Amino acid sequence: MESLKVTALEFKSYKIPKGKMVKVRVNVDKNSIRDITILGDFFLHPEDTLPQIEQGLVGTTADEDCITDVIQSVLDTQNAVLIGASARDLAKAIMSAHETR
Amino acid sequence: MEKIRFLDLSVQNAHNNMAIDEAIMRSLKEEKVPPTLRLYRWDPSAVSIGTFQGMKEEVDLEYCGKNDIDYIRRITGGGAVYHDFNGEITYSIILPQRHRLAPDDILESYGVLCSGVVKGLEHLGIDAQFKPINDIVAGGKKISGNAQTRRHSCVLQHGTTLLDLDVEVMFSILRVPQEKISDKMIADVKERVTSIRDLLGRQVGMDELREALVAGFSEALNLELVPGELTDVEMNLAASLVYEKYGTDEWNLSR
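Heads up: the sequence lines are chains A and B, in that order. Be aware that the first sequence starts at 232, since it is given in this note's numbering, and climbs by one per residue. Be aware that the second sequence starts at 11, since it is given in this note's numbering, and climbs by one per residue.
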């Protein structure tokens, strides 16, 4: 039986140019996001959209475009307003955390 | 002139302060209380973090424990704020979502509500401006940070106005790697953040700031501030919010 390979927890801060600070805890296995927490001083209305984004990202390929699409689709579905960051900014922050292992 | 309930400057601990803001919002939703402006201080001094921030990433909890500094997660986004008992006054304003002072456009509504602080600073002789997204600056430096949430059919905005600032203490509480707290960095923050006493070069009193904020909010927002008290409904709700939410690690350390 193949044992599950879990990568070490990755954590990184990402300062959005002229924007807010995003910090990401992400766990990626076989190039797919297993677990993620997005932290930061941005604004997101309604606030409970963020856990939905995090849940939506589980299983997503660790790729900036794929991640951006998932985040944008949750924002659109929830009619949510993200201030101080964009879906693309969050995706860059996630990829930056993933790539700095 | 339109009236708003005014809860004058009170002193509470962090749990009570955040629970009271939420209790007012929930009670306003039920139409049990009127729109409200509240002024408060934090005793003991406390650090509040934005709702999406990680407590352990932002705050040195060991330092807080040793120095009797409370820590709490807000329901609003934004960044970590150090609320020094002697160094700032916090306001909160709670309005129904359809109120004239709460336009749908969130950035626009920050500008509208922050004008109360801007006008208050003007009363002290300070020329300040709203700086989107959520700051107020004077002489190019930040003097007030603000944060807003929209839920329960209401808009709640709270914010701090700095009377005094101790950069060294702030850095001890906020988690910055020790090696990064160089003289350069402290100088940098002094370049970016200021306070009323810094700007005016005199020991402006807490009550003088309080009076300025009262006048500022009243004039800028065209409101008659009617002195009031928290209702029993709000106090009971706040007590249960402390017990179930703001006083718990489950909430404060949830991220």
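We put the CB at the ideal spot given by N, CA and C, even for glycine. None of these values were measured; they are calculated from a predicted model.
Open item on the list: Just verifying my parser: in three-state terms, what is the DSSP assignment at PRO282/A?
Closed with: helix
Open item on the list: Using only the alpha-carbon positions, how far apart do PHE140/B and MET245/B sit?
Closed with: 33 Å
Open item on the list: Once the 5 residues before and after ILE302/A are set aside, which same chain residues still bring their CB inside 7 Å of it?
Closed with: ILE284, ALA318, LEU321, ALA322
Task: Cβ distance (whole Å) where THR159/B is taken to contact THR86/B below 8 Å - done: 5 Å
TODO: Quick one: list the residues of chain B neighbouring LEU270/A, beta-carbon separation under 7 Å, in chain order.
DONE: PHE62, GLN63, GLY64, GLU67, ARG265
TODO: Pick out whichever of HIS25/B, ILE59/B, LEU19/B has its Cα sitting closest to the Cα of GLY155/B.
DONE: ILE59/B
Open item on the list: So with CB distances below 7 Å, who are the chain B contacts of LEU281/A?
Closed with: PHE62
Open item on the list: Threshold first: 4 residues or longer. Then list the alpha helix (DSSP H) segments lying entirely within the segment 20-57 of chain B, N to C.
Closed with: 24-39
Open item on the list: Tell me the DSSP secondary structure of MET252/A in three-state form.
Closed with: strand
Open item on the list: Just to make sure I have the definition right: I need the residues of chain A whose C-beta is within less than 7 Å of the C-beta of THR204/B. Which are they?
Closed with: Those within 7 Å of THR204/B in chain A number zero; the least Cβ separation is about 20 Å.
- [ ] Under 7 Å Cβ to Cβ from GLU68/B, same chain only, skipping five residues before and after it: list those, please.
- [x] ILE59, ALA90, LEU184, ARG185
Task: Beta carbon of LEU80/B nearer than 8 Å to that of ALA56/B - done: It is Asp, not Leu, that sits at residue 80/B in the sequence shown. Taking 8 Å as the Cβ cut-off, ASP80/B and ALA56/B qualify as a contacting pair.
Open item on the list: Please list, in chain order, the chain B residues whose beta carbon lies closer than 8 Å to that of VAL312/A.
Closed with: ILE116
Open item on the list: Give the list of continuous alpha helix (DSSP H) stretches no shorter than 4 residues that lie fully inside the segment 115-152 of chain B.
Closed with: 116-133
TODO: Under the assumption that CYS164/B contacts MET35/B (Cβ atoms under 8 Å), give the Cβ distance between them as a whole number of angstroms.
DONE: 5 Å
TODO: Leaving out five residues on either side along the sequence, give the residues of the same chain with a beta carbon under 8 Å from the beta carbon of LEU275/A.
DONE: LEU281, ALA311, VAL312, LEU313, ILE314
Task: Contact list for the segment 73-99 of chain B against chain A, Cβ threshold 9 Å - done: ILE85, THR86, GLY87, GLY88, GLY89, ALA90
- [ ] Name, going along the chain, the residues of the segment 137-164 of chain B whose beta-carbon falls closer than 7 Å to a beta-carbon of chain A.
- [x] ILE143, THR159, ARG160, ARG161
Task: SER327/A versus ASP296/A: straight-line alpha-carbon distance, rounded - done: 13 Å
TODO: Anything in chain B within Cβ reach of LEU275/A, meaning under 8 Å, just list it in chain order.
DONE: PHE62, GLY87
Open item on the list: Would GLU278/A pass as an interface residue toward chain B - the criterion being a Cβ-Cβ separation below 8 Å?
Closed with: yes
- [ ] Using three-state DSSP, classify GLU98/B as helix, strand or coil.
- [x] strand
Open item on the list: Is the separation between the beta-carbon of PHE16/B and that of LEU223/B shorter than 8 Å?
Closed with: no
TODO: Ignore the nearest five residues each way along the sequence and tell me which others in SER125/B's own chain have a CB closer than 6 Å to its CB.
DONE: ALA230
Open item on the list: Between LEU111/B and chain A, is any beta-carbon pair separated by less than 8 Å?
Closed with: no
TODO: Specify, as a first and last residue, the run of the beta strand (DSSP E) that GLN303/A falls within.
DONE: Unbroken run through GLN303/A is the alpha helix (DSSP H), 295-308; no beta strand (DSSP E).
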